[in-house]
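Reading through the structure tokens given below for one structure.
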Amino acid sequence: MEKPAKEGQRRRGIYLLPNLFTTAALFAGFYAIVAAINSHFEAAAVAIFIAMLLDGLDGRVARLTNTQTDFGAEYDSLSDMVSFGLAPALVMYQWALSDLGKLGWLAAFIYTAGAALRLARFNTQVGIADKRYFQGLPSPSAAAILAGMVWSGEEVFELAGKSVEEIAFVLTVVAGLLMVSNIRYHSFKGINFKERVPFVAMLLTVLVIVVVSSNPPVMLFGGFLIYAISGPILTVVYLRRRRSERKAQHQPETDSEDDHLENS
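Position in the sequence shown counted from 1, then plus 1, gives you my numbering.
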């Protein structure tokens, strides 16, 4: 008989159900690469978003069915590297960066290397890092920014007055660097979906679905871009709060020293 795993410890072996979702996510990432090679860029971008959805499900399915294993964790990480590391970089390269020559493939490599380093760092910090925050931009969110830009099409970005290639270069490099940064991002893992919510929350959920459905490419791209920008803002607020707390702690010590000198 299989011994029950201790709390916080994964079991050995391979379970079919969660790994089916991981395999499907890997397939979606691989399909995105093939679609981009054949110049089917819209299908490639959609495939990356499907991989994101499947990647979010495999871990939840494993926890719900108590089928978490070391194999599943490693397989999920390798799948993420293909779907959110290689696929977005190659799709973006085929769509716009190839016109920049050497700068284009260097930008794609920076993004790919950033995703690999981000995943490696995340794997080494499991069980140690604060689950409320991510250290660095999560690779699925970075992939969503690139895929969202491709899905939105050239017409949207030509309105900015700059070429698509320049915008693609900047976004690819910045997304790659944000993944390996120490900037904090909300993980939203503290949200308990089992708790009761007020009616207003359900109304807001419906409104979000309607807004995204009105123009999925632009809305998804804008939403993940805002999330990427929120990280630096959150980090600045956090650092200022810590600085003010340190000043508040240091002030009583200074006041006590002054009182001691006056009494002496």
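Every residue, glycine too, gets a C-beta built ideally from N, C-alpha and C.
The model shown is predicted, which means the values in this text are computed figures rather than measured ones.
* Any idea what DSSP makes of Tyr76, helix, strand or coil? -> In the three-state scheme derived from DSSP, where H, G and I count as helix and E and B as strand, Tyr76 is classed as helix.
* Mind reading off the beta-carbon distance from Asp56 to Ala26? Whole number of angstroms is fine, and I expect it under 8 Å. => The beta-carbon separation of Asp56 and Ala26, rounded to 5 Å, stays under the 8 Å limit for a contact.
* Would Ser214 be called buried (16 or more neighbouring beta carbons within 10 Å of its own) or exposed? -> Taking a 10 Å sphere around the C-beta of Ser214, we find fewer than 16 other C-beta atoms and assign the residue as exposed.
* With DSSP collapsed to three states, give me the class of Arg197. => For Arg197, the secondary structure class from DSSP, reduced to helix, strand or coil, is coil.
* Thinking C-alpha only, which one of Arg243, Gly224 and Ala88 is nearest Ile210? -> Answer by Cα proximity: Gly224.
* **Contact check, Tyr16 vs Ala63, beta carbons under 9 Å** => Between Tyr16 and Ala63, the gap from beta carbon to beta carbon is short of 9 Å.
* Classify Gln95 as helix, strand or coil using the three-state DSSP reduction. => Gln95 sits in a helix when the DSSP states are folded into three classes.
* Separation of Pro217 from Arg197, as counted between CA atoms -> Those two C-alpha atoms are separated by around 29 Å.
* What is the rounded straight-line gap between the Cα of Ser99 and the Cα of Gly105? -> Cα to Cα, Ser99 sits roughly 5 Å from Gly105.
* Which class does Thr68 belong to by DSSP, given the choice of helix, strand or coil? -> Coil at Thr68, not helix or strand.
* Got a sec, what are the start and stop residues for the alpha helix (DSSP H) Tyr32 sits in? -> Counting along the chain, the alpha helix (DSSP H) containing Tyr32 begins and ends at Leu17 to Ile38.
* If you draw a straight line from the alpha carbon of Pro139 to that of Leu18, how long is it in whole angstroms? -> Each residue's alpha carbon lies about 25 Å from the other.
* **Between the CA atoms of Glu166 and Val47 - distance to the nearest angstrom** => So the two alpha carbons sit approximately 21 Å from each other.
* To do: Taking Ile129 and Ala229 to be in contact with their CB atoms under 8 Å, please state how far apart those CB atoms are, rounded to whole angstroms.
  => At roughly 24 Å, the Cβ-Cβ gap does not stay under 8 Å, so Ile129 and Ala229 are not in contact.
* Do you know offhand how far Gly232's Cα is from Arg241's? -> Each residue's alpha carbon lies about 14 Å from the other.
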